[in-house]
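Heads up, the thing below is written out as structure tokens.
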Amino acid sequence: MHIGEDEANSMAVMGLPELLADAAKGRYAVGYFESWDIYSLEATIAAAEAERSPVIIGIGGLSANHEWLSSVGVELYGAACAALARRSSVPTGILFNEAENFTEAAAALGAGYNSVMMHTQGWSWDRLIADTAALTAAAHGLGITVEGEVGALAEMSIDGQIDTSIGAMTEVSQAVDFVKETGVDYLAVAVGNVHFVTSDYVPTIRVDRIHEIGESVDVPLVLHGGSGTPADQMQAAIAAGITKINVGTRLKHVFGNALREAVGPDSGNDPNLLFGSRLPEDVNTRAGQALTTEIRRLMQVFGSSGKATR
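Using the numbering used here, the letters of the sequence shown correspond one by one to residues 3 to 312.
Below, the structure written as structure tokens:
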């Protein structure tokens, strides 16, 4: 059964265009907090409900096993996200983020997500336009929206080194042409933001470029790389026109640290309590509580707390 925006919006699920339009009017950003299992999805919903904040949940393909995603992962997590979003008490969007290619993104259409995106860094311009336009046409036919990207983010390696050779600032003229030729619903921009930051490295966000792009295109703007962007720069980016911020690496870092602490020598010896019980002794539940705390903090930074008015 296809689940598009029209059907989902009858419940708590809201399309990203509506979420981001409200954010633009209210001068805040809605967070996409990338999850990797049921615990992290539930922790995200818990944070949103506690903060009375709109939220975008979902999973991503950038660091995932694509064979697993294609065989079962996209469908499995789409169903889980949709079920949790329908039970949410705050406006909730559902995104399959950074699919490897058109085929992987297309597999998410009708699987429970109401928005999809491909990771297109490094693609030729012709492939970028053709595949994004094809995905947009297919998605719109099912009432699902598409996030596109122009430019490329630098990335941090596991040893803390920044690879700037793959980074390319979003050019205003390219952004205009891309939106016109593909029909995407929102645009992720490269403006000094960096993927996979796990150290104290501080990027420099080009707020002026965000403003220039926002003045030139008629779709909401998205900032990836929220994990490594300090609060003051995220707030400056929001003031310049960013309405959605993606966070992933930071969340796994928080969850992982809490999980390591929970499985320490004082955690107890009963595996039935430690793993999957959902009782206070459950180590994943305890890690999820730390994750909820961090997401709540980020929602306060983004200015979305208290904005769940629908």
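Glycine included, each C-beta is placed from N, C-alpha and C at the ideal position.
Paired residues, beta bridge with residue i - DSSP
i: Arg105; result: Correcting the residue type first, residue 105 is Thr in the shown sequence and not Arg. Paired residues: none, contrary to the question.
i: Val152; result: Val191
i: Gly60; result: Leu97
i: Thr147; result: Ser117
i: Phe35; result: Val249
i: Ala170; result: Ala154
i: Ile207; result: According to DSSP, Ile207 bridges with nothing at all.
i: Val15; result: Thr94
i: Leu313; result: There is simply no residue 313 to check, as the chain begins at 3 and stops at 312 in what is shown.
i: Ile131; result: Ile131 pairs with nothing; no bridge assigned.
i: Val224; result: Ala190 and Lys246
Whole-Å CB distance - residue i paired with residue j, under 8 Å assumed
i: Gly124; j: Gly250; result: No, Gly124 and Gly250 are not in contact; Cβ-Cβ is about 19 Å, not under 8 Å.
i: Ser307; j: Arg29; result: Actually they are not in contact, since the Cβ atoms of Ser307 and Arg29 sit about 13 Å apart, beyond 8 Å.
i: Val196; j: Gly145; result: In fact, because the Cβ distance is near 34 Å, the residues do not count as touching under 8 Å.
i: His68; j: Glu102; result: 5 Å
i: Met119; j: Asp133; result: Met119 to Asp133, Cβ: 12 Å. No contact.
i: Ala264; j: Arg288; result: 4 Å
CB contact flag (residue i, residue j, <8 Å)
i: Phe98; j: Ile59; result: no
i: Ser126; j: Val178; result: no
i: Leu253; j: Ser42; result: yes
i: Leu155; j: Ala107; result: no
i: Gly278; j: Asp272; result: no
i: Pro222; j: Leu22; result: yes
i: Leu2; j: Ser117; result: One cannot answer for residue 2 here, as it falls past the ends of the chain, which runs 3 to 312.
i: Gly80; j: Ala113; result: yes
i: Ala25; j: Val32; result: yes
i: Cys233; j: Val303; result: The question names Cys, but residue 233 is Ala in the sequence shown. Result yes, Cβ atoms of Ala233 and Val303 sit closer than 8 Å.
i: Ala365; j: Leu111; result: As shown, the chain starts at 3 and ends at 312. That puts residue 365 outside it, with no answer to give.
i: Arg299; j: Ala52; result: no
i: Ala135; j: Glu183; result: yes
i: Gly153; j: Val191; result: yes
Cβ shell of residue i (< 6 Å), same chain only, five flanking positions each side left out
i: Thr206; result: Gly194
i: Gln237; result: none
i: Gly228; result: Ile247, Asn248 and Val249
i: Asn286; result: Tyr41
i: Met3; result: In this prediction, Met3 scores a pLDDT of 36, lower than 50, which makes its location untrustworthy; the coordinate-derived value is nonetheless stated afterwards. Result list for Met3: empty, nothing under 6 Å.
i: Ala10; result: Unreliable placement is indicated for Ala10, whose pLDDT of 42 sits below 50; no coordinate value is reported for it.
Closer than 7 Å: residue i CB and nearest the ligand MN heavy atom
i: Thr172; result: The ligand MN is not part of the structure shown, which contains no ligands of any sort.
Interface flag, residue i vs chain D, CB-CB below 8 Å
i: Val57; result: Protein chains in the displayed structure number just one, and chain D is not present.
Beta-carbon proximity list for residue i, same chain, < 7 Å, skipping 5 on both sides
i: Thr295; result: none
i: Ala109; result: Ser72 and Val76
i: Asp8; result: For Asp8, the predicted model reports a pLDDT of 44, less than 50, meaning its position is unreliable; a value from the coordinates is still stated below. Counting only Cβ-Cβ distances below 7 Å, and skipping sequence neighbours, we find Gly145.
i: Ser269; result: Leu276 and Val285
i: Leu64; result: Glu100 and His121
i: Thr46; result: Phe35, Ser37, Val57, Ile59 and Ile297
Contacts around residue i, its chain only, beta-carbon distance under 8 Å, and the 5 residues preceding and following it disregarded
i: Glu44; result: Leu86 and Gly290
*asked:* Quick check: the segment 176-187 against the segment 144-155, are at least 3 beta-carbon pairs closer than 8 Å?
replied: yes
*If you pair each beta-carbon of the segment 89-97 with each one of the segment 128-146, do three or more pairs fall below 8 Å?*
no
*asked:* With a threshold of 8 Å, are at least 3 pairs of Cβ atoms found where one atom belongs to the segment 234-254 and the other to the segment 204-220?
replied: yes
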